[in-house]
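The block underneath contains the structure these notes are about, expressed in structure tokens.
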Amino acid sequence: MVDADKFYSELGRSQKPGVLTKVVLAAVELMKQGKKIISMTGGSYDPSSVPYKQIKEIIAGTPTEEWQEILQYGAASGKMELRREISGFMAGHGITADPKGEIIVTSGSQQALDLVSRVFLNPGDVILVGSPTYLAALGAFKQYNPELRSVVVDGDGMSVEALEVELNRIEAEGKWAKLLYVVPSFQNPTGSMLTKERRRRVLELAEEHDFLVLEDNAYGYINFGGEMPTPIKGLDRTGRVMYTSTFSKIVSPGLRIGWLAGSREFIGKIVEAKGKVNICNDGVTQYIAAELFRRGDVEKQIPMITRVYRRKRDLMLEAMETSFPEEAEWKEPKGGLFLWVSLPERVDATEMLTESLNRGVAYVPGSNFFAEPVHNYIRLNYSFPSEPDIVEGIQILGGLLKEKL
Ligand SMILES: Cc1ncc(COP(=O)(O)O)c(C=O)c1O
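Okay, so the sequence shown: first residue is 0 according to numbering that gives the first Met the number 0, each after it adds one.
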């Protein structure tokens with residue numbers, strides 16, 4: 000057998016199974032033994048709401064000449080028709096981006112996070128992230144060995160006061176913060192919404208302290224009824240904000256369609272980097288995505304799934320009110336896919352997961368959403384489990400929590 004370890008690059012050596020993979024593998028193992036596991040883990044789609052009929056219609060109705068184009072190699076920046084549709088879609092959400100040069104189609108937002116890391120991060124570069132923030136963004140950034148600095152996230156999103164304190168601290172250390180990663184709308188994991196005033200202040204601070212902003216809007220379209228502030232990218236006049244979004248939460252994560260919008264200069268570089276990893280995105284998927292936009296299916300899908308998720312959120316909240324112990328705390332998410340639960344410090348949510356799985360419920364321990372050690376949070380997903388499973392799963396979890404507290 001080869002001594003595998005000596006062959007790895009630093010980046011190769013750093014690759015370890017993420018927490019979601021571990022939870023899913025543990026759940027699959029238990030399911031193989033015949034156990035029912037209710038999954039409240041990833042940000043997966045409600046299985047019965049997938050627009051498969053529309054996708055079947057699109058495929059069946061595609062003329063032969065189109066297929067010749069669809070199945071050919073394409074541009075690393077993505078199919079022009081799709082970029083045009085994305086540009087139109089973003090315009091409806093407060094962002095102007097030229098499909099020729101200011102948008103790149105990616106394989107989900109995750110690829111955009113990796114590409115931005117690749118193109119902008121040197122080892123030791125200082126980047127600012129929410130505390131907590133999206134776990135797989137931390138995973139993408141960490142591959143490139145930056146110095147992660149945390150900024151607290153409260154009910155109104157990232158605290159701009161804490162951001163300013165951290166920026167001053169970084170400067171006092173003789174360092175420069177290069178990039179801020181932020182999920183302003185229905186943040187993963189907290190569900191919080193960055194207020195209008197805070198969005199403006201983030202941009203002001205970016206200009207004052209000269210850093211780039213990577214705005215991740217995976218969830219902003221799933222809004223249960225409140226006012227939606229303009230994206231930070233929509234306020235940017237100096238070309239320092241890059242904006243990523245995805246099909247995953249509004250249409251299907253299996254289609255692997257995401258995108259990144261930014262200045263011509265930055266997108267040009269990112270396109271060059273992408274061509275080295277992925278010559279072009281899959282043509283069939285891009286065609287389907289462009290058609291779903293063109294036919295208005297995406298615009299119809301959003302209110303439909305928003306209704307489904309709102310009902311599921313309400314059901315989960317109701318079940319939590321009944322079953323969870325008093326010491327557990329949470330805020331009602333006004334959109335998105337997750338509920339973020341704070342537990343007393345003495346509870347270790349990672350340790351508790353084994354027992355929870357044995358009782359039939361999978362969740363994501365909160366520790367993975369922090370750059371620093373924190374162990375007393377859990378993230379629950381309500382979009383994927385069925386309504387009866389939400390009720391049953393919360394009862395089981397509530398019972399376990401009451402025993403622990
Ligand atoms: C905040 C955030 N960004 C990006 C992603 C990546 O999604 P995808 O690569 O499926 O587009 C997710 C997925 O859960 C997410 O929660």
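We put the CB at the ideal spot given by N, CA and C, even for glycine.
Requested in this report: With a 10 Å radius around its C-beta and 16 neighbouring C-beta atoms as the bar for buried, classify Gly219 as buried or exposed.
Outcome: buried
Query - Limits of the unbroken beta strand (DSSP E) element including Met241 - result: 240 to 245
Query - Residue from Leu356, Leu399, Lys403, Phe383 whose Cα sits closest to the Cα of Ala25 - result: A check of alpha carbon separations from Ala25 across Leu356, Leu399, Lys403, Phe383 identifies Leu356 as the nearest.
**Report entry** Unbroken stretches of the beta strand (DSSP E), 3 residues or longer, contained in the region 330 to 383
**Finding:** 337 to 341, 376 to 380
Query raised in the report: Can you list, in chain order, the stretches of the beta strand (DSSP E) that have 3 or more residues and sit fully within the region 246 to 320?
Result: 257 to 260
Query raised in the report: Going by the C-beta, is Ala217 closer than 8 Å to any heavy atom of ligand 1?
Result: yes
Query raised in the report: In whole angstroms, what separates the C-alpha of Leu254 from that of Ala288?
Result: 8 Å
Report task. Measure the alpha-carbon distance for Gln32 versus Tyr308 and round it to whole angstroms. Result -> 31 Å
Report task. Could you spell out where the beta strand (DSSP E) holding Ala25 opens and where it closes? Result -> First-last for Ala25: 18 to 31, but that is the alpha helix (DSSP H), not the beta strand (DSSP E).
Query - Runs of beta strand (DSSP E) lying entirely within the region 30 to 105, each at least 3 residues, in chain order - result: 102 to 105
**Report entry** Phe292 burial status per 10 Å Cβ neighbour count (16 or more: buried)
**Finding:** buried
**Report entry** Contact set for Phe369: own chain, Cβ-Cβ below 6 Å, skip 5 residues either direction
**Finding:** Ser130, Pro131
Query - Own chain residues within Cβ distance below 7 Å of Glu163, not counting five before or after - result: Leu204
Query raised in the report: Rounded to whole angstroms, how far is the Cβ of Lys407 from the Cβ of Val360, which I believe are closer than 8 Å?
Result: What the structure shows of the chain is the stretch from 0 to 404, and residue 407 is not part of that stretch, so it cannot be assessed.
Query raised in the report: Glu84 to Ser382, Cα distance in whole Å?
Result: 26 Å
Query - Nearest-angstrom Cβ-Cβ length linking Ser106 and Gly257, presumed shorter than 8 Å - result: Confirmed, about 7 Å.
Query raised in the report: Can you check whether the CB of Leu213 is closer than 9 Å to the CB of Leu178?
Result: yes
Query raised in the report: Within the present structure, is the beta-carbon of Ser382 separated from the nearest heavy atom of ligand 1 by less than 8 Å?
Result: no
Query - Leu193 to Arg236 span [Cα, whole Å] - result: 19 Å
Query raised in the report: Can we count Phe246 as close to ligand 1, meaning its CB is less than 8 Å from some heavy atom?
Result: yes
**Report entry** Between the CA atoms of Ile389 and Glu146 - distance to the nearest angstrom
**Finding:** 39 Å
Requested in this report: May I ask you to report which of helix, strand or coil DSSP gives Gly224?
Outcome: DSSP places Gly224 outside both helix and strand once states are collapsed to three, so it counts as coil.
Query raised in the report: My guess is that Met39 and Asn380 are in contact by the Cβ rule of under 8 Å, so how many angstroms apart are they, rounded?
Result: Contact check for Met39 and Asn380: beta-carbon distance about 5 Å, within the 8 Å limit, so the pair qualifies.
Requested in this report: Check the C-beta distance from Ile94 over to Gly233 and give it rounded, since I have them as a contact under 8 Å.
Outcome: 5 Å
Query raised in the report: Which whole-angstrom value is the C-beta distance of Val104 and Lys78, which I expect to be below 8 Å?
Result: 7 Å
Query raised in the report: Where does Ser322 land, buried or exposed, given buried means 16+ other C-beta within 10 angstroms?
Result: buried
Query raised in the report: According to DSSP, is Ala217 helix, strand or coil?
Result: coil
Query raised in the report: Between which two residues does the alpha helix (DSSP H) harbouring Glu146 extend?
Result: Counting along the chain, Glu146 falls outside any alpha helix (DSSP H), though it belongs to the beta strand (DSSP E) covering 146 to 153.
Requested in this report: Can you tell me the Cβ-Cβ gap for Leu127 and Ala96, rounded? I've got them flagged as a contact below 8 Å.
Outcome: Wrong, their Cβ atoms sit about 24 Å apart, outside the cutoff.
Query raised in the report: From what residue to what residue does the alpha helix (DSSP H) around Ser130 run?
Result: Bounds of any alpha helix (DSSP H) do not take in Ser130; it lies within the beta strand (DSSP E) bounded by 125 to 130.
Query - Limits of the beta strand (DSSP E) - the one that Ala139 falls within - result: Note, Ala139: premise wrong, no beta strand (DSSP E); alpha helix (DSSP H) at 134 to 141.
Query raised in the report: Within 8 Å: the Cβ of Asn277 and any heavy atom of ligand 1?
Result: no
Query raised in the report: Closest to Leu134 by CA distance: which of Ser48, Glu28, Val363 is it?
Result: Val363
Query raised in the report: By Cβ distance below 6 Å, which residues in the same chain neighbour Gln394 in space, the five residues on each side in sequence not counted?
Result: Ser322
Query raised in the report: Is it true that the region 301 to 317 meets the region 39 to 49, where meeting means three or more beta-carbon pairs spaced less than 8 Å apart?
Result: Segments in contact, yes.
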